[in-house]
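Positions 0 to 122 (numbering that gives the first Met the number 0) are the ones given, in order, by the sequence shown. Even for Gly, the Cβ is constructed at its ideal location relative to N, Cα and C. This structure is a prediction, so every number in the text was calculated from the model and none was measured. Just below is one structure, and these are the notes that go with it.
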Amino acid sequence: MDDDRAMRVLLRRLLEADGHRVETAVDASDALEMFAPLRFSLVISDVVMPGMTGIELRAELALQDPGLPCLLVSGDDVERGLHYAASTYRTVFLAKPFEPEELLRLVHSTPLPKHGLEGRAAS
Numbered sequence: 000m001d002d003d004r005a006m007r008v009l010l011r012r013l014l015e016a017d018g019h020r021v022e023t024a025v026d027a028s029d030a031l032e033m034f035a036p037l038r039f040s041l042v043i044s045d046v047v048m049p050g051m052t053g054i055e056l057r058a059e060l061a062l063q064d065p066g067l068p069c070l071l072v073s074g075d076d077v078e079r080g081l082h083y084a085a086s087t088y089r090t091v092f093l094a095k096p097f098e099p100e101e102l103l104r105l106v107h108s109t110p111l112p113k114h115g116l117e118g119r120a121a122s
């Protein structure tokens, strides 16, 4: 999930080229709407978003699926993102800008839950 269209397109292309099925959301409201009927193996979200932040979204998603891993990314609120990820179950943080290989390394090293839609990532 990212409010920046270019970042959403970049993440989608990168993850699909790596063999993942991807759904994208513009904001937290869009992501929560999508999350209810679907199961995801991983959520990738920007921290700084209009309305609900990526951190607030992470907390909401954890109520619905406590084992769901989340990768938070940000170039604006790096310190907060690092602190939050360090203290939150199954949450990692990646500072922007990042190399595509860095993101894929984190995706590959994250233990993913076994859901019906295996390999589906939300960004």
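If you draw a straight line from the alpha carbon of residue i to that of residue j, how long is it in whole angstroms?
{"i": "residue 48", "j": "residue 12", "result": "21 Å"}
{"i": "residue 25", "j": "residue 40", "result": "19 Å"}
{"i": "residue 115", "j": "residue 108", "result": "In this prediction, residue 115 scores a pLDDT of 42, lower than 50, which makes its location untrustworthy; no coordinate-derived value is stated."}
{"i": "residue 119", "j": "residue 19", "result": "Residue placement at residue 119 is poorly supported in this model, since its pLDDT is 46, which falls under 50; the coordinates are not used for a value here."}
{"i": "residue 75", "j": "residue 4", "result": "17 Å"}
{"i": "residue 81", "j": "residue 87", "result": "10 Å"}
{"i": "residue 100", "j": "residue 29", "result": "27 Å"}
Does the separation of the CB atoms of residue i and residue j fall below 8 Å?
{"i": "residue 27", "j": "residue 0", "result": "yes"}
{"i": "residue 38", "j": "residue 23", "result": "no"}
{"i": "residue 90", "j": "residue 71", "result": "yes"}
Comparing C-alpha positions only, which one of the options sits nearest to residue i?
{"i": "residue 106", "options": "50, 68, 64", "result": "68"}
{"i": "residue 32", "options": "60, 2, 73", "result": "60"}
{"i": "residue 96", "options": "55, 77, 86", "result": "77"}
Per DSSP, what are the beta-bridge partners of residue i in this structure?
{"i": "residue 106", "result": "Paired residues: none, contrary to the question."}
{"i": "residue 72", "result": "45, 93"}
So that I know if they touch, is there some Cβ in chain B lying closer than 8 Å to that of residue i?
{"i": "residue 84", "result": "The structure shown contains no chain B; it holds only a single protein chain."}
- Counting only runs of 3+ residues fully inside the region 23 to 49, write out the beta strand (DSSP E) ranges in chain order. 41 to 45
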